[in-house]
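Asks:
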Amino acid sequence: MHAIVVTEPGGPEVLEWREVPEPRPGPGELVITVAAAGLNRADLLQRQGFYPPPPGASSVLGLECSGVVTEIGENVMGFAPGDEVCALLAGGGYAEKVVVPWEQVLPAPEGVPLVEAAALPEVACTVWSNVFMAARLRRGETLLVHGGGGGIGTFALQLAKAFGSRVAVTTGGPEKAARCRELGADQVIDYREEDFAELVEADVILDVIGAKYLSRNLKALNSGGRLVVIGMQGGTKGELDLGVLTGKRATVIGTRLRDRPVAEKGTIVRGVRDNVWPLVAAGAVRPVVDTIVPMEEAARAHRLMESGSHIGKVLLAR
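Every letter in the sequence shown is one number past the one before it in the numbering used here, and letter 287, counting from 1, is 403.
(1) When we look at the beta-carbon of N156 and count the other beta-carbons within 10 Å, is it buried (16 or more) or exposed?
(2) Where does the unbroken alpha helix (DSSP H) through D159 begin, and where does it stop?
(3) Under a three-way DSSP split, which group does G387 fall into?
(4) Thinking C-beta only, is F271 closer than 8 Å to V239?
(5) Report yes or no: do the stretch 317-324 and the stretch 287-306 share at least 3 C-beta pairs separated by less than 8 Å?
(6) If you draw a straight line from the alpha carbon of G288 to that of G208, how long is it in whole angstroms?
(7) In or out: K353 buried (at least 16 other Cβ within 10 Å) or exposed?
(8) Touching or not, the stretch 161-176 and the stretch 117-126, by the rule of three or more beta carbon pairs under 8 Å?
(9) With a threshold of 7 Å on Cβ separation, who are the neighbours of L358 within its own chain once the five nearest residues in sequence on each side are excluded?
(10) Among the residues of its own chain, which have a CB less than 8 Å from the CB of G341, if the five just before and after it don't count?
(11) Could you give the residue range of the alpha helix (DSSP H) that holds L346?
(12) The alpha helix (DSSP H) that contains P229, what's its start and end?
(13) With three or more beta-carbon pairs closer than 8 Å as the criterion, would you say the stretch 373-389 touches the stretch 260-270?
(14) Is P225 near A234, with beta carbons less than 8 Å apart?
(15) Just curious, the beta strand (DSSP E) that R376 is in, first and last residue?
(16) Does DSSP classify P168 as helix, strand or coil?
(17) Near A433, which residues of its chain fall below 6 Å by C-beta distance, leaving aside the five closest residues on each side in sequence?
(18) So V247 and L222 are supposed to be a Cβ contact under 8 Å. How far apart are they, rounded?
(19) Just the Cα atoms here: how many angstroms apart are D375 and Y307?
(20) From L343 to I369, what does the alpha carbon distance come to, in whole angstroms?
(21) Apply the 10 Å Cβ neighbour rule to V214 and answer buried if 16 or more other Cβ atoms are within range, or exposed otherwise.
(22) Output needed for E187: all residues of its chain with C-beta closer than 6 Å, excluding positions within five of it in sequence on either side, in chain order.
(23) For K381, which residues of its own chain have a beta-carbon under 7 Å away from its beta-carbon, when the five flanking residues on both sides are left out?
(24) On a CA-only basis, which of A327, N333, A301, G326 is nearest A61? Give me that one, please.
(25) Can you tell me the Cα-Cα spacing of E422 and A158, whole angstroms?
(26) Among N391, I305, D199, which one has its Cα closest to the Cα of C441?
(27) Which term fits D406, buried or exposed, when burial requires 16 or more other beta carbons within 10 angstroms of its beta carbon?
(28) Within a Cβ cutoff of 8 Å, which residues of the same chain sit near I305, ignoring the five residues on either side of it in sequence?
(29) Would you kindly work out how many angstroms separate the C-alpha atoms of P170 and Y210, rounded to a whole number?
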């Protein structure tokens, strides 16, 4: 088969479409013939040599895909060859085929084209596990989402609204702001011109920035608020005022999805299937796809994502 190979750490030009060995399923695993793969910021970091895959995972980029089950190993439950699916991966999505534990596979949601379904697994599992499982966002509470125009942001915004929460987002530029309002954002803050900490009182904050926003995130939290840090685009080290933290009885949670054990990922995937997929099928939550690029042109897709001009997800299609 063919896959996108990182020839050496570097820029998008190091991505090449090459012949590689086909994956074979072991016990509890199945093979998906890939229709499309979703881009994530972790892919850019791995390409640059900063985010290696977990032990035993494929070195091929790609943390989510959609496609058709073509082979199953022993002890696979609930799937058969021919099923249209999408999957949460530890790696391997930028390829013609990928092997994945069955616990991390979801049926392609009703009403979503198979290619576009590749935009869902990583963002759905990230948002469900962090905003709802870890931070326990409740109906009527306010969620603040940083990076509201990105893949995670557009999904978190829709899902929180579908569960009855008020949603504020930070984003940059009028086009992204308008799209966030279309998706239901109650408050849109342009981070280039406004200070969110002066404008928002949040019960839960979903943060992809990290150190740069740490003190302001804490300021923006309500009493009993929960800050969930899932990215570090703004650095890894910041100063935390413990007096403010304890005074607000706030919680700071740091999580990462990729290197969790299969059993934990399986719990998250089941939660998504039971609680999120019905909303997707009903049209209350939809994938937001900016651009679909041929998989062989992964370098072009990476340049687009690095430019920051996209809204929602960028996909690689076979």
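In this text, a Cβ means the ideal position worked out from N, Cα and C, and glycines have one as well.
Replies: Reading off the structure:
(1) So N156 ends up on the buried side.
(2) Looking at the DSSP string, the run of the alpha helix (DSSP H) that includes D159 is 157-163.
(3) helix
(4) yes
(5) Judged by pairs of C-beta atoms under 8 Å, the stretch 317-324 does not touch the stretch 287-306, as fewer than three such pairs exist.
(6) Approximately 32 Å between the Cα atoms of the pair.
(7) So K353 ends up on the exposed side.
(8) The answer is yes - the stretch 117-126 touches the stretch 161-176, with three or more Cβ pairs under 8 Å.
(9) Excluding sequence neighbours, L358 sits near nothing in its chain.
(10) A318, D319, V320, I321, K364, A366, T367
(11) Before going further, note that residue 346 is Ile rather than Leu in the sequence given. I346 -> no alpha helix (DSSP H), and no H or E assigned at all.
(12) Counting along the chain, P229 falls outside any alpha helix (DSSP H), and DSSP gives it neither H nor E.
(13) no
(14) no
(15) From DSSP, R376 is part of no beta strand (DSSP E); its letter is neither H nor E.
(16) P168 falls in the coil class under three-state DSSP.
(17) A152, V231, I408
(18) The pair is not a contact, with the Cβ atoms about 18 Å apart (cut-off 8 Å).
(19) 31 Å
(20) 6 Å
(21) Classification of V214: buried, given that the 10 Å Cβ count is 16 or more.
(22) Answer for E187: P141, V147, listed in chain order.
(23) L204, E219, Q220
(24) The structure shown does not extend to residue 61, since the chain is modelled only from 117 to 434, so the question has no answer here.
(25) 12 Å
(26) Lying before the first or after the last residue shown, residue 441 is absent from the chain, which here runs from 117 to 434.
(27) buried
(28) A284, V285, T286, T287, F312, L315, V316
(29) P170 and Y210: Cα-Cα distance of roughly 17 Å.
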